[in-house]
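Going by the numbering used here, the first residue of the sequence shown is number 135, and it counts up by one from there. This report refers to the structure that appears directly beneath it.
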Amino acid sequence: MLRAAGVGVGDEVVVPAYGNVEVAEAVIQAGGLPVFADIDPVTYCLDASGVEAATTPRTAAVVVVHRFGRPADMGRFLDLGQRRGLLVLQHGESEAPYDEIAQRRQRAAFLDLKLRGVRTPDDGDGHTYQQYVVRVPGNGRPDRDAFARALRARGVDCRVPVKAPVHRMPAFRCCVSLPETELAVDETLALPVDASLTKRDMQRIVSACNSLGGLLQPAF
Numbered sequence: 135m136l137r138a139a140g141v142g143v144g145d146e147v148v149v150p151a152y153g154n155v156e157v158a159e160a161v162i163q164a165g166g167l168p169v170f171a172d173i174d175p176v177t178y179c180l181d182a183s184g185v186e187a188a189t190t191p192r193t194a195a196v197v198v199v200h201r202f203g204r205p206a207d208m209g210r211f212l213d214l215g216q217r218r219g220l221l222v223l224q225h226g227e228s229e230a231p232y233d234e235i236a237q238r239r240q241r242a243a244f245l246d247l248k249l250r251g252v253r254t255p256d257d258g259d260g261h262t263y264q265q266y267v268v269r270v271p272g273n274g275r276p277d278r279d280a281f282a283r284a285l286r287a288r289g290v291d292c293r294v295p296v297k298a299p300v301h302r303m304p305a306f307r308c309c310v311s312l313p314e315t316e317l318a319v320d321e322t323l324a325l326p327v328d329a330s331l332t333k334r335d336m337q338r339i340v341s342a343c344n345s346l347g348g349l350l351q352p353a354f
């Protein structure tokens, strides 16, 4: 997409640092320079205000990545692109069949209602819950990692969705302040909402999370 759009040597492309290292790699392969902007803490997609602040006269494009099945607010990015003369590209995730999405939404609604001690995701318009991502309160990564280990010990197949922000990886390391990105990396945890999960499976997830959630208090 970048090459077809004419992005090349010397062009800056604004991309997220939360997830998808292949997006930054694609910019490099096209001859451009990836510039990292912060995310919206609710959607985990790029924050439009942060993108605008990151633009320079050399900025040619923005790559908006839809995250965890929660679509970005494309209206704001298209408006920004029109005002600044920027190409706005979208990078989506492969979609499941409608009946599977409906079942994931049903399981997500159950978790929204029952979970305590973790911050549940905002449902938002069109959320397909490719991943059901919660925030684990406490002192960042140590508490989140301990929480994840305890869940796995109780038979819950949870995973850390983004293990490191791209702007901290050796190949892309740069001095830029992305507080929401770094906080999300440290606090987020994906819980299973697969269509194959039974009611008993879902109750086990809730029981395991709630037995631990009350032990972790937000840091002040």
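We put the CB at the ideal spot given by N, CA and C, even for glycine. Note that this is a predicted model, so its numbers are computed, not measured.
For residue 232, the first and last residue of its enclosing beta strand (DSSP E): Careful: residue 232 lies outside any beta strand (DSSP E), inside the alpha helix (DSSP H) at 232-248.
Measure the alpha-carbon distance for residue 89 versus residue 325 and round it to whole angstroms. Absent from the model: residue 89. The displayed extent of the chain is 135 to 354, so no value can be given.
From the DSSP secondary-structure annotation, give me the bridge partner or partners of residue 141. Beta bridge pairing from DSSP links residue 141 with no other residue.
Validate contact between the stretch 216-225 and the stretch 165-183 using beta carbons, cut 8 Å, 3 pairs: Touching, no.
When the Cα of residue 163 is compared with those of 173, 137, 185, which residue comes out closest? Checked all of 173, 137, 185; the closest Cα to residue 163 is 137.
Would you tell me roughly how many angstroms separate the C-alpha atoms of residue 275 and residue 320, rounded to the nearest one? In a straight line, the C-alpha of residue 275 is about 4 Å away from that of residue 320.
Is the stretch 298-308 touching the stretch 148-163 in the sense that three or more CB pairs, one from each, lie closer than 8 Å? They touch, by the three-pair rule.
Contacting residues, own chain, Cβ-Cβ under 6 Å from residue 308 (five flanking each side not counted): Within the same chain, residue 308 has close Cβ partners 301.
Run through DSSP, which three-state label would residue 306 get? Collapsing the DSSP output to three states places residue 306 in a helix.
Beta carbon of residue 157 nearer than 8 Å to that of residue 200: With respect to the 8 Å criterion, residue 157 and residue 200 are not classified as neighbours on the basis of their beta carbons.
Between the CA atoms of residue 340 and residue 288 - distance to the nearest angstrom: It is roughly 11 Å from the alpha-carbon of residue 288 to the alpha-carbon of residue 340.
With DSSP as the reference, label residue 298 as helix, strand or coil. Three-state DSSP puts residue 298 in coil, outside helix and strand.
What number of angstroms, rounded off, separates the C-alpha of residue 148 from the C-alpha of residue 204? Looking at the two C-alpha atoms, the distance is approximately 20 Å.
Cβ-Cβ distance between residue 196 and residue 215 below 8 Å: Yes, Cβ-Cβ distance for residue 196 and residue 215 is below 8 Å.
Going by other Cβ atoms of all chains shown within 10 Å of its Cβ, with 16 needed for buried, is residue 304 buried or exposed? Under this definition residue 304 is an exposed residue.
How many angstroms separate the CA atom of residue 271 from the CA atom of residue 252? Here the C-alpha atom of residue 271 lies approximately 6 Å from the C-alpha atom of residue 252.
Figure out for me which residue from 255, 145, 175, 264 has the closest Cα to the Cα of residue 231. Out of 255, 145, 175, 264, the CA that lies nearest to the CA of residue 231 is found in 264.
Is the distance from the Cβ of residue 306 to the Cβ of residue 191 below 8 Å? For residue 306 and residue 191, no; Cβs fall outside 8 Å.
Check: residue 207 C-beta below 7 Å from any heavy atom of the ligand ZN: In the structure on display, the ligand ZN does not appear, and there are no ligands present to speak of.
Figure out for me which residue from 227, 273, 282 has the closest Cα to the Cα of residue 262. Residue 262 has its Cα closest to that of 227, out of 227, 273, 282.
Taking residue 242 and residue 266 to be in contact with their CB atoms under 8 Å, please state how far apart those CB atoms are, rounded to whole angstroms. Confirmed, about 5 Å.
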